[in-house]
């Protein structure tokens with residue numbers, strides 16, 4: 559039995575198929591952790607969702623910003639849905655869309671496995687969060703997403719304010735701040751205020767901003783964290799952080815990281831030839 563974490567798929571279905579073949583993945587024995595952003599830009603989001611959905615108990619997903627955006631769009635009126643890109647329209651108007659959306663809403667924002675000693679999140683953790691605080695914030699959102707109250711959250715999902723999480727926040731603002739931290743963060747200041755515009759590699763950020771895992775004075779956590787979201791970071795390992803968004807949708811690679819061995823081990827497949835990385839990376 560093996561456990562693998564897989565970076566941002568973003569609708570890159572052929573690469574996901576090739577990666578699973580390379581892993582010799584056996585759903586009866588192995589487990590897959592998906593770091594989020596299953597959909598958008600790769601061309602085959604519907605096929606990707608159907609494949610991951612079919613894995614059932616063999617897969618764990620932490621939702622990314624693109625996944626949450628799709629759930630929010632699914633609540634819009636049909637004429638508004640018709641204006642999104644063709645790849646997402648295919649998902650929105652699929653016969654099994656209600657099943658897929660209900661399943662997506664039941665997924666996690668953070669996953670921690672005590673036995674393995676690994677935590678998975680799409681983007682990152684606030685500098686002040688302990689692991690238990692991060693789990694509580696994620697669980698607040700997970701309960702709301704999977705409840706009949708989910709439309710209120712999804713309709714108020716978007717926005718860059720508040721830019722930093724605080725224990726004083728309540729209601730929608732608290733959940734939006736948690737979502738922004740867990741699914742959108744790359745750089746932040748010492749107070750956890752997120753720079754939503756910068757998407758480049760470390761060293762390209764504005765003065766006073768730090769990669770979220772290098773903020774001075776941040777809480778140290780005795781756990782290894784695997785994450786995605788940051789394609790310009792590419793494959794990264796340091797400070798207990800393992801970044802595995804290797805930019806497949808931009809012409810890079812799709813990466814899996816084996817979590818259950820003595821040392822983390824990587825498996826990669828190249829992106830399809832038609833994919834290209836834009837200047838400045840993507841999200």
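In our numbering, the protein residues as written are 559 to 841. All C-beta atoms, glycine included, are put in the ideal place defined by N, C-alpha and C.
Our contact map puts residue i next to residue j with C-beta atoms below 8 Å; I'd like the distance itself, whole angstroms only.
i           : j           : result
residue 658 : residue 670 : Going by Cβ atoms, the distance from residue 658 to residue 670 rounds to 25 Å, so no, they are not a contact pair.
residue 802 : residue 786 : 6 Å
residue 827 : residue 577 : 5 Å
residue 773 : residue 685 : 4 Å
Using three-state DSSP, classify residue i as helix, strand or coil.
i           : result
residue 560 : coil
residue 795 : strand
residue 590 : strand
residue 659 : helix
residue 630 : helix
residue 571 : helix
residue 669 : strand
residue 638 : helix
residue 597 : coil
residue 832 : coil
Mind checking which residues open and close the beta strand (DSSP E) that includes residue i?
i           : result
residue 539 : The structure shown has nothing for residue 539, since the chain only spans 559 to 841.
residue 828 : 823-828
residue 741 : Careful: residue 741 lies outside any beta strand (DSSP E), inside the alpha helix (DSSP H) at 729-742.
residue 681 : Looking at the DSSP string, residue 681 is not in any beta strand (DSSP E), and its letter there is neither H nor E.
residue 617 : 617-619
Quick check: does the Cβ of residue i come within less than 7 Å of any heavy atom belonging to the ligand ZN?
i           : result
residue 763 : Among the components of this structure there are no ligands whatsoever, and the ligand ZN is therefore not found.
Would you mind working out which of the options sits nearest residue i, comparing C-alpha positions?
i           : options            : result
residue 581 : 830, 825, 750      : 825
residue 737 : 755, 714, 804      : 714
residue 616 : 598, 590, 607, 629 : 590
residue 532 : 672, 607, 729      : Outside the displayed span of the chain (559 to 841) sits residue 532, for which this structure offers no information.
residue 808 : 790, 592, 817      : 790
residue 654 : 611, 638, 667      : 611
residue 763 : 745, 648, 750, 774 : 745
residue 663 : 601, 696, 639      : 696
residue 666 : 592, 645, 588, 779 : 592
residue 675 : 833, 779, 710, 805 : 779
residue 833 : 561, 599, 560      : 599
residue 613 : 585, 605, 620, 635 : 585
Taking the alpha helix (DSSP H) that residue i belongs to, which residues open and close that run?
i           : result
residue 582 : Counting along the chain, residue 582 falls outside any alpha helix (DSSP H), and DSSP gives it neither H nor E.
residue 647 : 644-650
Practice item. Can you check the stretch 749-814 for any alpha helix (DSSP H) of at least 4 residues that lies completely inside it and give the ranges in chain order? Key: none
Exercise for review: Starting from the N-terminal side, write out each stretch of the alpha helix (DSSP H) that is 4 residues or longer and does not extend beyond the stretch 683-725.
Suggested key: The alpha helix (DSSP H) runs lying completely inside the stretch 683-725 and spanning 4 residues or more are 689-703, 708-713, given in chain order.
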